[in-house]
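In my numbering, the protein residues as written are -11 to 404.
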């Protein structure tokens, strides 16, 4: 495998970035739900941030295809790391009142969302640039294992630290939110520092200065208009990721608190089970592709995820929650690896940034609609969160229909 050392450094940086994003993306929703009792307000904020991210996602695709991707990764980690570190120090030393504190903590979550929007398309585009085609699935698996596992484990640890826990008479005192945010910021800075040591010279200079942003975006839309099967697969297969983000940040905290009537430690354990599932998927997905092509395996995993959600809300056994969370981790991670490998095989590297940004913006729109629906106070009352899971199960099935309908065309016209 070529560029082994560069890939190794990239994976180490990905670990640190995964820790950073996990701390914010998992602990802050629980902080709003459990400590502040503001789940509906958080969902509304999340929906607003998602709406803004729709436009940021489109523009980020232009950035990814125009500039050195290694430099983009370095700059965003250093910039967002400094920003979050400054916020944590402000909270630590000035002890703001509750309303200001809520805004500041919410802003860290928003910052993390904007980081996430540009970070993942950039790291995948950079990886495609420095990886041989025959190693796409394998390296995609590495990125997925590292990213999903570290993100969820770090977030779960942060959720435990927020609440505190006693294990065999060993007591871990609850951390204040500002210390958790400080750890978050430092993790971003470490990732940026590691990336700065990656030696990479782009294969060719991207000459896009003579085109406006709109014209550059049109190139991506034109490419997809000419390759509609790629558009159909990419959008429909991405639904499982949309579900996961919505579930993780809006539904799961309510499911733990209202449906299972448990505390933050179960939320953390549930996320750990998800991470374990993601790890298993990353280890075995390339073997499954031997027996099932990418399209068929995508359909199977999405359909089984839909079924698992119905099973989840049909009982209140904790073991059921944990096993289904593990399976959702397997399914989401598996589909992400398959999907990214499919895009690498079928989309040229010169278009990958703009094309994936269009897919992400469509996915963002879907998430935004779901988030605003689930921000209604109805889902926060008693066990009504179960209805949210039923809605998600139906949506997963709906997005599977085009994949089934166009299966033969995808199989014969795309590299699978």
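All residues carry an ideal CB built from backbone N, CA and C; glycine is no exception.
Between the region 56 to 73 and the region 173 to 188, the count of C-beta pairs closer than 8 Å reaches three or more; the two stretches touch. Taken in chain order, the complete alpha helix (DSSP H) segments of 4 residues or longer contained in the region 318 to 403 are 340 to 362, 373 to 393, 395 to 401. For residue 244, no beta strand (DSSP E) encloses it, and the DSSP letter there is neither H nor E.
For residue 11, the closest of 48, 328, 173 by C-alpha to C-alpha distance is 173. The beta carbons of residue 345 and residue 135 sit about 19 Å from each other, so the pair does not count as a contact at 8 Å. Short of 7 Å from the beta carbon of residue 58, and not among the five residues preceding or following it, lie these beta carbons of its own chain, in chain order: 114, 183, 186, 188. Boundaries of the beta strand (DSSP E) around residue 159: 158 to 160.
Per DSSP, residue 281 is not a residue of any alpha helix (DSSP H), being assigned neither H nor E.
The distance from the Cβ of residue 330 to that of residue 282 is about 5 Å, consistent with a contact at the 8 Å cut-off. In the structure shown, the three-state DSSP call for residue 186 is coil.
Within the same chain, and ignoring the five residues on either side of residue 365 in sequence, the residues whose Cβ sits closer than 8 Å to its Cβ are 28.
When secondary structure is reduced to three states using DSSP, residue 228 falls in the helix class.
In this structure, residue 34 sits away from residue 26, with a CB-CB distance that is not shorter than 8 Å. A direct Cα-Cα distance of roughly 42 Å separates residue 15 from residue 214. Straight-line spacing of the CA atoms in residue 351 and residue 158 works out to 43 Å. Per DSSP, the unbroken alpha helix (DSSP H) holding residue 106 starts and ends at 86 to 118.
With 16 or more other Cβ atoms inside 10 Å of its own Cβ, residue 264 counts as buried. One thing to note: residue 324 has its Cβ within 8 Å of the Cβ of residue 132. Taking the CA atoms as reference points, residue 310 sits about 42 Å from residue 55. As a beta-bridge residue in DSSP terms, residue 153 pairs with 160.
Residue 83 counts as exposed, since fewer than 16 other C-beta atoms from the protein chains shown sit within 10 angstroms of its C-beta.
Contact between the region 100 to 109 and the region 234 to 241 is absent: fewer than 3 CB-CB pairs across the two stretches fall below 8 Å. One alpha carbon belongs to residue 80, the other to residue 167, and they sit about 8 Å apart.
Between the alpha carbons of residue 228 and residue 88 lies a distance of about 35 Å.
In the structure shown, the three-state DSSP call for residue 213 is helix. The beta carbon of residue 144 sits closer than 6 Å to those of 256, 259, 260, all from its chain and outside the five residues before and after it, given in chain order. The shortest CA-to-CA distance from residue 217 to any of 23, 363, 397, -5 is the one to 397. Around the beta carbon of residue 375, fewer than 16 other beta carbons lie within 10 angstroms, which makes this residue exposed. For residue 404, the closest alpha carbon among the candidates 278, 384, 268, 202 is that of 278.
Looking only at 250, 241, 312, 222, the smallest Cα-Cα distance to residue 326 is reached by 222. By a beta-carbon distance limit of 8 Å, residue 51 contacts residue 60. Their separation comes to about 7 Å. Put simply, the backbone Cα of residue 340 is about 43 Å away from that of residue 304.
For residue 82, the secondary structure class from DSSP, reduced to helix, strand or coil, is helix.
The beta carbon of residue 41 sits closer than 8 Å to the beta carbons of 101, 102, 105, 352 from its chain, once the five residues preceding and following it are set aside; these are given in chain order. Taking the C-beta atoms as reference points, residue -6 is found no nearer than 8 Å to residue 332. For residue 56, the secondary structure class from DSSP, reduced to helix, strand or coil, is coil.
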